[in-house]
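Trainee: Counting from 203, one number per residue, gives the positions in the sequence shown under the numbering used here.
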Amino acid sequence: TPMATDADEAPLLADEPLRPGSCSRELELREFRDRYVFRSLDGGGAFAVARADGSLHPLSPEEAAAGSDCKVSKIYGVAGMIRLLAGSYVLVITSRKDAGSYGASTVYHANSMKFLCCNEAIKHLTSEEKRDEAYFMSLLRIAETTCGLYYSYDRDLTLNLQRASKLAAGRVHKPLWKQADPRFVWNRNLLEELIETKLDEFITPLIQGSFQTEQFTLKDRLVRITLFSRRCNRRLGTRMWRRGANLEGSGLYSTSLGADSGFKLQTTTQHY
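#1: In terms of residue numbering, what span does the alpha helix (DSSP H) encompassing Tyr-337 cover?
#2: If you reduce the DSSP assignment to three classes, tell me which class Val-425 lands in.
#3: For Ala-206 and Arg-253, I'd like the C-alpha separation in whole angstroms.
#4: Distance check for Val-387 and Phe-418, CA to CA, integer angstroms please.
#5: Considering Lys-380, what are the terminal residues of the alpha helix (DSSP H) in which it resides?
#6: Considering just the uninterrupted stretch of the beta strand (DSSP E) at Ile-284, what are its terminal residues?
#7: Which parts of the stretch 211-276 are runs of the beta strand (DSSP E), unbroken and 3 residues or longer, counting only runs that do not cross its ends?
#8: With Gln-410 and Leu-351 assumed to form a contact (beta carbons below 8 Å), what rounded beta-carbon distance in angstroms separates them?
#9: Whose C-beta lies closer than 7 Å to the C-beta of Met-315 among residues of the same chain, with five residues either side of it excluded?
#10: Label Ala-268 either buried or exposed according to how many other C-beta atoms from any shown protein chain fall within 10 Å of its C-beta, with 16 as the threshold for buried.
#11: Does the beta-carbon of Met-442 have 16 or more other beta-carbons within 10 angstroms, so that it is buried, or is it exposed?
#12: I'd like the span of the beta strand (DSSP E) that includes Glu-416, first residue to last.
#13: I'd like the list of long-range same chain contacts for Ala-248, defined as Cβ closer than 8 Å, with 5 residues on each side in sequence excluded.
#14: Please look up how many angstroms separate the CB atoms of Tyr-304 and Thr-428, rounded, as I've assumed it's under 8 Å.
What follows is the structure in C-alpha cells.
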C-alpha cells in the first residue's frame, strides 16, 4: 500500500532519466477532491483524471505541481482505465517486486493493484443501474487481485527473443505498447483511452503468465537459466470447451501460451 505524504514535501526522484521508448518507472499520484493527478518522476509528463466523470487530459509540469490540498503517494505504473455506467475507474500498480532480469532489462511482478474511482455520477443512476454498477465494481475488485502479472519498463515482454531479434532495430525506440504483440497484453483493452490521449510514457503493458530465472556456478562458470510463459488473451475459457479453429481459421486451444526459455553461459546466450 502506498504511503501518503504531505503535498509540500520534497518530490520523489527516480534514479535515472527516462529512455526513449520506455515507460515511467515511478509516478507521483496526487489525490485532490475533484481530480487525480499522475506525474512522472523520470519523464516529466503528467495528466489528470476528473473524479466526477473520468475525463482525462494531459498537464504541463507547472499544472501538475500546482495545488497543495491533496494526498500524495508513489505508484509504479498505470495499467489502464475502464468506463462503466457511472464513470471511469483507473487501475494503478501500488507495489511491485523485482522478479529477475530478461536480457539486460529488469522484470517486475505486480504485487498489488488498485482501481481509483471516478464515479460521482453514480448518485444520478436509477436503482437498477446502481445494482449493475455495484456488480461491475465487484468484478473490478477481482481484477485487482489477478495473479501472475509481469511487466518491464524498457523491454517488450510479449515476444520471445528469437522473434524480437528478427525485427528492425529501430523498433525499440517506439513506445512499449506499439512494440507489444496485443495477443499477450493482459490489459490491452484497458489502455485505449491512454493511447488515444497519447500518454505513451504512462502506458504499461502487462503480461500474465510465469517468470523464473535462476543463476548458479557450473565448473567455475556462471550460468543463468530463464523460463518465461505468456498467456494469450484470446479464446479464454475452459480448455475442454474451447478446442478447434476460430473464425480466422487458426487452430488454437483455450488459454494458449507463448513460451520462452533461455540459457546463458557467461557471454553465450541461447533461447528456445
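Even for Gly, the Cβ is constructed at its ideal location relative to N, Cα and C.
Mentor: Checking against the coordinates, here is how it stands:
#1: Walking along the sequence shown from the start, residue 337 turns up at place 135. For Tyr-337, the enclosing alpha helix (DSSP H) has its first and last residue at 329-346.
#2: Taking the first residue of the sequence shown as 1, we reach residue 425 at position 223. Of the three classes helix, strand and coil, the one that applies to Val-425 here is strand, per DSSP.
#3: In the sequence shown, the residue the question calls residue 206 occupies position 4. In the sequence shown, the residue the question calls residue 253 occupies position 51. Because Ala-206 carries a pLDDT of 44, less than 50, the predicted location of this residue cannot be relied on, and the following value inherits that uncertainty. For Ala-206 and Arg-253, the distance between alpha carbons rounds to 19 Å.
#4: Along the sequence shown, read from residue 1 onward, the residue named residue 418 stands at position 216. Along the sequence shown, read from residue 1 onward, the residue named residue 387 stands at position 185. Near 31 Å, if we compare the C-alpha coordinates of Val-387 and Phe-418.
#5: Taking the sequence shown and counting its residues from 1, the one referred to as residue 380 is at position 178. Where Lys-380 is concerned, the enclosing alpha helix (DSSP H) stretches over 378-381.
#6: Position 82 of the sequence shown, counting from 1, holds the residue named residue 284. Counting along the chain, the beta strand (DSSP E) containing Ile-284 begins and ends at 280-285.
#7: The stretch 211-276 contains these whole beta strand (DSSP E) runs: 229-233, 237-242, 248-252 and 258-260.
#8: Within the sequence shown, numbered from 1, the residue matching residue 410 stands at position 208. Within the sequence shown, numbered from 1, the residue matching residue 351 stands at position 149. About 6 Å separates the Cβ atoms of Gln-410 and Leu-351, confirming a contact at the 8 Å cut-off.
#9: Position 113 of the sequence shown, counted from the first residue, corresponds to residue 315. Counting only Cβ-Cβ distances below 7 Å, and skipping sequence neighbours, we find Ala-281, Leu-293, Val-294, Ile-295, Thr-296 and Glu-346.
#10: On the sequence shown, residue 268 is found 66 positions in, with the first residue counted as 1. Label assigned to Ala-268: exposed.
#11: Translated into positions along the sequence shown, residue 442 becomes position 240. The predicted position of Met-442 is uncertain, since its pLDDT is 48 and thus under 50; a value taken from the coordinates is nonetheless stated next. Exposed.
#12: Here residue 416 corresponds to residue number 214 of the sequence shown, with the count starting at 1. Unbroken beta strand (DSSP E) run through Glu-416: 409-420.
#13: Here residue 248 refers to the residue found at position 46 when the sequence shown is read from its first residue. Closer than 8 Å at Cβ, skipping near neighbours: Val-239, Phe-240, Arg-241, Ser-242, Pro-260, Leu-261, Ser-262, Pro-263, Glu-265 and Ala-266.
#14: Counted from its first residue, the sequence shown places residue 304 at position 102. Counted from its first residue, the sequence shown places residue 428 at position 226. About 7 Å; that satisfies the 8 Å criterion.
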